[in-house]
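*Asks:* The structure's right below; bear with me while I get my questions together.
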Amino acid sequence: MSRAQQQNDEDVNSALFDARNEYYIGNFMGSINFVLPEQGTAGAELLSYMYLSYLAIDSGRIIASDIKENTTTPLLALRFVHEAFEQPSRIEELLEKLTDKVAGDEDETNIWHIATAIVYCYDGQFENALKILHGSNNLESMALSVQCLLRLHRVDLAKQLVAKMQEISDDATLTQLAQAWVALAQGTEQMQDAFHIYQEFCEKFKPTPALLNGQAVVHLGLERYEEAEAVLRESLTKKHNDYDTLINMMVLSHLTGKSTETITRYWEQLRQFYPKSDFIVDLDKKSAEFDRLCLEYEPSGEQLLAV
2 MSRAQQQNDE
12 DVNSALFDAR
22 NEYYIGNFMG
32 SINFVLPEQG
42 TAGAELLSYM
52 YLSYLAIDSG
62 RIIASDIKEN
72 TTTPLLALRF
82 VHEAFEQPSR
92 IEELLEKLTD
102 KVAGDEDETN
112 IWHIATAIVY
122 CYDGQFENAL
132 KILHGSNNLE
142 SMALSVQCLL
152 RLHRVDLAKQ
162 LVAKMQEISD
172 DATLTQLAQA
182 WVALAQGTEQ
192 MQDAFHIYQE
202 FCEKFKPTPA
212 LLNGQAVVHL
222 GLERYEEAEA
232 VLRESLTKKH
242 NDYDTLINMM
252 VLSHLTGKST
262 ETITRYWEQL
272 RQFYPKSDFI
282 VDLDKKSAEF
292 DRLCLEYEPS
302 GEQLLAV
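Okay, so the sequence shown: first residue is 2 according to this note's numbering, each after it adds one.
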């Protein structure tokens, strides 16, 4: 191998490490900026973090433009993810394409497995996502499995999986984050451990809405409301309409007795920027059900007269 080729490989590996870490901690533009200089010669694995980051910041149209339908690279899987997000009515069709590819070919980059699991999670099919990821020793697959298990309220199994991740690489960013997720799910006795992880990453890398919201959840759980408000307001300076931050500000406002106007303002922002989000859809569903029950049990005119 020539010295120039060796240097190029080292640059690519460095860019991959940096892009991956920035994506994990939620610094999506940072991840994109590490990949862009290498875009002309980068392989699918490095490029995948740029496109995953575009998905995370709602810029999936770039994926539709860059990744053509006839591409033979694993990046096609990320085009399918974008299409699933944009056209939920096609999810069944797209999942069929994804699962066929996962079952039929070797997935050296793990992109097909991750993409398939992401679409399953987006559709609320966490059990099927776990089936796709099962048995993998890839830290990304294991971390995504931990998230699925927590969504299914299986903290016990999530703890076991984190222990396996620690055996593979205890210091890895994803292993540390997975520990924090489980600690948050366990409640107050373990929450401070999560806080230390988020704080360390804020100091080691840079504060992101994802890391700051992790800290805020710890503060909320331990009733440290002033500290929670401080980190949430810092998060809003990073991204003024961040989904998790707006929800946590609503929770904080309720817990601290803020005015209805304050809570409504965050609610309207959520509805404006994330009209199809799980939070909005679920709350609208509950509100409609409440209205229906009120009408069903509303006293009739005769009952009011009898009183």
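We put the CB at the ideal spot given by N, CA and C, even for glycine.
Check each candidate in Tyr50, Glu39, Ala45 and name the one with the smallest Cα separation from Ser32.
*Replies:* The count along the sequence shown starts at 1 and reaches residue 32 at position 31. Checking every option, the nearest Cα to that of Ser32 belongs to Tyr50.
*Asks:* Leaving aside the five residues before and after Leu212 along the sequence, list all residues of the same chain whose C-beta is less than 7 Å from its C-beta, in chain order.
*Replies:* By 1-based counting over the sequence shown, the position of residue 212 is 211. Excluding residues within five positions, the ones whose Cβ falls inside 7 Å are Ile26, Gly27, Tyr199, Phe202, Cys203.
*Asks:* Starting from Phe206, trace the alpha helix (DSSP H) both ways and give me its first and last residue.
*Replies:* Here residue 206 corresponds to residue number 205 of the sequence shown, with the count starting at 1. Element bounds for Phe206: n/a, residue is neither H nor E.
*Asks:* Out of curiosity, what's the CA-to-CA distance linking Lys239 and Ala116?
*Replies:* Along the sequence shown, read from residue 1 onward, the residue named residue 239 stands at position 238. Along the sequence shown, read from residue 1 onward, the residue named residue 116 stands at position 115. Cα to Cα, the separation comes out at about 27 Å.
*Asks:* When the Cβ atoms of the region 69 to 85 are set against those of the region 140 to 157, are three or more pairs found closer than 8 Å?
*Replies:* no
*Asks:* Rounded to a whole number of angstroms, what is the C-alpha to C-alpha distance between Thr176 and Glu168?
*Replies:* Residue mapping note: residue 176 aligns to position 175 of the sequence shown, counting from 1. Residue mapping note: residue 168 aligns to position 167 of the sequence shown, counting from 1. Straight-line Cα distance between these residues: approximately 10 Å.
*Asks:* Three-state secondary structure (DSSP) at His83?
*Replies:* Against the sequence shown, residue 83 aligns to sequence position 82. The answer is helix: DSSP assigns His83 an H, G or I state.
*Asks:* Compare the Cα-Cα distances from Gln193 to each of Leu131, Ser15, Gly215 and report the closest residue.
*Replies:* Start at 1 with the first residue of the sequence shown, and residue 193 comes out as number 192. Nearest C-alpha to Gln193: Gly215.
*Asks:* In whole angstroms, what is the alpha-carbon distance linking Leu153 and Phe127?
*Replies:* As a working mapping, residue 153 is identified with position 152 in the sequence shown. As a working mapping, residue 127 is identified with position 126 in the sequence shown. Using only the alpha carbons, I get a separation of about 7 Å.
*Asks:* Ignore the nearest five residues each way along the sequence and tell me which others in Asp245's own chain have a CB closer than 7 Å to its CB.
*Replies:* Within the sequence shown, the letter at position 244 stands for residue 245. Pro210, Asn214, listed in sequence order.
*Asks:* By how many angstroms is the C-alpha of Val156 removed from the C-alpha of Cys149?
*Replies:* In the sequence shown, residue 149 corresponds to position 148, counting from 1. In the sequence shown, residue 156 corresponds to position 155, counting from 1. Answer to the nearest angstrom: the Cα atoms are 10 Å apart.
*Asks:* For a quick check, are the C-beta atoms of Pro208 and Glu230 less than 8 Å apart?
*Replies:* Your numbering for residue 208 matches position 207 in the sequence shown. Your numbering for residue 230 matches position 229 in the sequence shown. Not a contact, by the Cβ cut-off of 8 Å.
*Asks:* Could you compute how far the alpha carbon of Thr257 sits from the alpha carbon of Thr265?
*Replies:* For this step, residue 257 is matched to residue 256 along the sequence shown. For this step, residue 265 is matched to residue 264 along the sequence shown. Straight through space, the alpha carbons of Thr265 and Thr257 are spaced by roughly 15 Å.
*Asks:* Would you decide whether His83 is buried or exposed? Buried here means 16 or more other CB atoms lie within 10 Å of its CB.
*Replies:* By 1-based counting over the sequence shown, the position of residue 83 is 82. That one is buried.
*Asks:* For Pro75 and Leu233, what's the separation of their Cα atoms in angstroms?
*Replies:* Your numbering for residue 75 matches position 74 in the sequence shown. Your numbering for residue 233 matches position 232 in the sequence shown. Taking the straight line from one Cα to the other gives about 37 Å.
*Asks:* Please look up how many angstroms separate the CB atoms of Val329 and Val120, rounded, as I've assumed it's under 8 Å.
*Replies:* As shown, the chain starts at 2 and ends at 308. That puts residue 329 outside it, with no answer to give.
*Asks:* Answer yes or no: do Val103 and Ile133 have a C-beta to C-beta separation smaller than 8 Å?
*Replies:* As a working note, residue 103 is residue 102 in the sequence shown. As a working note, residue 133 is residue 132 in the sequence shown. Going by beta carbons, Val103 and Ile133 fall inside the 8 Å limit.
*Asks:* Below 7 Å CB to CB, which residues in the same chain sit around Leu95 once its five sequence neighbours on both sides are set aside?
*Replies:* Residue numbering aside, residue 95 sits at position 94 when the sequence shown is read from its first letter. The beta carbon of Leu95 is closer than 7 Å to those of Phe81, Glu84, Ala85, Val120 in its chain, skipping five residues each way along the sequence.
*Asks:* With a threshold of 16 other CB atoms inside 10 Å of the CB of Gln273, please say whether the residue is buried or exposed.
*Replies:* Here residue 273 corresponds to residue number 272 of the sequence shown, with the count starting at 1. By the neighbour-count rule (16 or more Cβ atoms within 10 Å), Gln273 is not buried but exposed.
*Asks:* How would you write the range of the alpha helix (DSSP H) that Ser278 sits in, first residue to last?
*Replies:* The residue given as residue 278 occupies position 277 in the sequence shown. Run containing Ser278: none; DSSP gives neither H nor E here.
*Asks:* For Ala195, does the count of other Cβ atoms within 10 angstroms reach 16, so buried, or fall short, so exposed?
*Replies:* For the purposes of this step, residue 195 is identified with residue 194 of the sequence shown, where counting begins at 1. Residue environment analysis places Ala195 among the buried positions, since at least 16 neighbouring C-beta atoms fall within 10 angstroms of its C-beta.
*Asks:* Please go through the region 73 to 132 and give each complete alpha helix (DSSP H) segment of 4 or more residues, from N-terminal end onward.
*Replies:* 77 to 87, 92 to 105, 112 to 123
*Asks:* CB-CB under 6 Å to Val219, same chain, minus the five flanking residues each way: which ones, in chain order?
*Replies:* The residue given as residue 219 occupies position 218 in the sequence shown. Excluding residues within five positions, the ones whose Cβ falls inside 6 Å are Met192, Ala195, Phe196.
*Asks:* Is it buried or exposed for Met251, if we count other Cβ within 10 angstroms and need 16 for buried?
*Replies:* Within the sequence shown, numbered from 1, the residue matching residue 251 stands at position 250. Burial call: buried.
*Asks:* How about Phe35 and Ala57: do their beta carbons lie closer than 8 Å?
*Replies:* As a working note, residue 35 is residue 34 in the sequence shown. As a working note, residue 57 is residue 56 in the sequence shown. In this structure, Ala57 does not lie closer than 8 Å to Phe35 by Cβ.
*Asks:* Can you list the alpha helix (DSSP H) stretches of 4 or more residues lying completely in the region 165 to 190, in chain order?
*Replies:* 174 to 187
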